[in-house]
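Here's the structure we're looking at; comments come further down.
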Amino acid sequence: EAAVTQSPRSKVAVTGGKVTLSCHQTNNHDYMYWYRQDTGHGLRLIHYSYVADSTEKGDIPDGYKASRPSQENFSLILELASLSQTAVYFCASSRDWGSSYEQYFGPGTRLTVL
Amino acid sequence: GNSVTQMQGQVTLSEEEFLFINCTYSTTGYPTLFWYVQYPGEGPQLLLKVTTANNKGSSRGFEATYDKGTTSFHLQKASVQESDSAVYYCVLGRMSNYNVLYFGSGTKLTVEP
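Keeping their order, the protein sequence lines are chains Z and D.
If you read the first sequence in my numbering, its first letter stands for residue 1, the second for the next number, and so on.
If you read the second sequence in my numbering, its first letter stands for residue 1001, the second for the next number, and so on.
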């Protein structure tokens, strides 16, 4: 069974503070992704990674950094949190071969910036 | 660029009614198209996939068909159940670009008993 976990599941942060969201997968997948979900926008890709120690920008990377220290772990970092970054964040993983190309999502982290 | 448009933000049906959700997409080349479903408090999960090779896909009683000529992609189910209540996302996949996905805005389906 595919497994992607996220921590914390919920967080309240202050404007200007630093926030780190963590993601861990046990799928042995090479590809990992960070999305944010806002009402009316579906999910939008922030950063992704296809190999450890390397990250790529997605569609909305401004204000976010990502870190992939190992195949299993992928973090999303908000150096200076802002009100506009209040959202639900999802991590996902995917294999890099085979016909499925399915992404497996974690349960999400609800971030509220005050 | 790559984009997906879902016009139906909310759909409310009674049990055993017919479901039809449409979306349109914009991309180049040969995409793979997906429908993902999200239940409350969970992350999205794959419902079904359609490739340009077969034009159709099905899973759990749902069927999806895509039309390259009109760049449309729709999801249907003959008879919905209350347990089908969820948010359904039309998704465009670029498998040649590290499996990056582009999500539509979602359609919230509510099925009343």
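Just so it is clear, CB atoms sit at the ideal spot from N, CA and C, and this is done for glycine as well.
Chain Z partners of D:Tyr-1098, CB-CB under 7 Å? Within the second sequence, the letter at position 98 stands for residue 1098 of chain D. Tyr-31, Tyr-48, Tyr-50, listed in chain order.
D:Pro-1031, buried or exposed, once every other Cβ within 10 Å from all chains shown has been counted against 16: Along the second sequence, read from residue 1 onward, the residue named residue 1031 of chain D stands at position 31. With 16 or more Cβ atoms within 10 Å of its Cβ, D:Pro-1031 is classed as buried.
D:Lys-1108: which of D:Lys-1056, D:Tyr-1098, D:Val-1100, D:Tyr-1039 sits nearest, CA to CA? Along the second sequence, one-based indexing puts residue 1108 of chain D at 108. Per the Cα distances, D:Tyr-1039.
Taking all protein chains shown into account, do 16 or more other C-beta atoms lie within 10 angstroms of the C-beta of D:Phe-1034, making it buried, or fewer, making it exposed? One-based indexing of the second sequence puts residue 1034 of chain D at position 34. Burial call: buried.
Just to confirm before moving on: does the CB-CB distance between Z:His-29 and Z:Asn-73 stay below 8 Å? Working through the first sequence from its first residue, we reach residue 29 of chain Z at position 29. Working through the first sequence from its first residue, we reach residue 73 of chain Z at position 73. Going by C-beta atoms, Z:His-29 is not nearer than 8 Å to Z:Asn-73.
Would you verify that the beta carbon of D:Gly-1106 is, or is not, closer than 8 Å to some beta carbon of chain Z? On the second sequence, residue 1106 of chain D is found 106 positions in, with the first residue counted as 1. By this cut-off, D:Gly-1106 is an interface position.
Residues in the same chain with beta-carbon distance under 7 Å from D:Cys-1090, minus the five sequence neighbours each way, listed in chain order, please. By one-based count along the second sequence, residue 1090 of chain D stands at place 90. These residues qualify, in order along the chain: Val-1004, Gln-1006, Cys-1023, Trp-1035, Phe-1073, Gly-1104.
Following the continuous beta strand (DSSP E) through D:Glu-1112, name the residue where it begins and the one where it ends. In the second sequence, residue 1112 of chain D corresponds to position 112, counting from 1. 1107 to 1112 is the span of the beta strand (DSSP E), which, as asked, contains D:Glu-1112.
Could you check what DSSP says for Z:Gln-85 in three-state terms: helix, strand or coil? Mapped onto the first sequence, residue 85 of chain Z falls at position 85. Helix.
By the 9 Å beta-carbon criterion, what residues does the stretch 1022 to 1039 of chain D contribute toward chain Z? Thr-1032, Phe-1034, Tyr-1036, Gln-1038
Since D:Gly-1093 meets chain Z, which of its residues come closer than 9 Å, beta carbon to beta carbon? On the second sequence, residue 1093 of chain D is found 93 positions in, with the first residue counted as 1. Tyr-101, Gln-103, listed in chain order.
Going by other Cβ atoms of all chains shown within 10 Å of its Cβ, with 16 needed for buried, is Z:Leu-111 buried or exposed? Looking up residue 111 of chain Z in the first sequence gives position 111. Classification for Z:Leu-111: buried.
C-beta contact flag for Z:Leu-21 and Z:Gln-37 at 8 Å: Start at 1 with the first residue of the first sequence, and residue 21 of chain Z comes out as number 21. Start at 1 with the first residue of the first sequence, and residue 37 of chain Z comes out as number 37. Their beta carbons are not under 8 Å apart, which means Z:Leu-21 does not touch Z:Gln-37 by this criterion.
8 Å contact criterion, which Z:Gly-63 and Z:Ser-82 should meet: CB distance rounded: The residue labelled residue 63 of chain Z in the question sits at position 63 within the first sequence. The residue labelled residue 82 of chain Z in the question sits at position 82 within the first sequence. That pair is a contact at about 7 Å.
Along the stretch 1044 to 1070 of chain D, what residues have a CB closer than 9 Å to any CB found in chain Z? Pro-1044, Gln-1045, Leu-1046, Lys-1049, Thr-1051
Between Z:Ala-119 and Z:Gly-106, how many whole angstroms is the CB-CB distance? I'm expecting something under 8 Å. This structure gives no information on residue 119 of chain Z, because the portion of chain Z shown stretches from 1 to 114.
D:Thr-994 to Z:Pro-69 span [Cα, whole Å]: An answer regarding residue 994 of chain D cannot be provided, because it is not within the stretch 1001 to 1113 covered by chain D.
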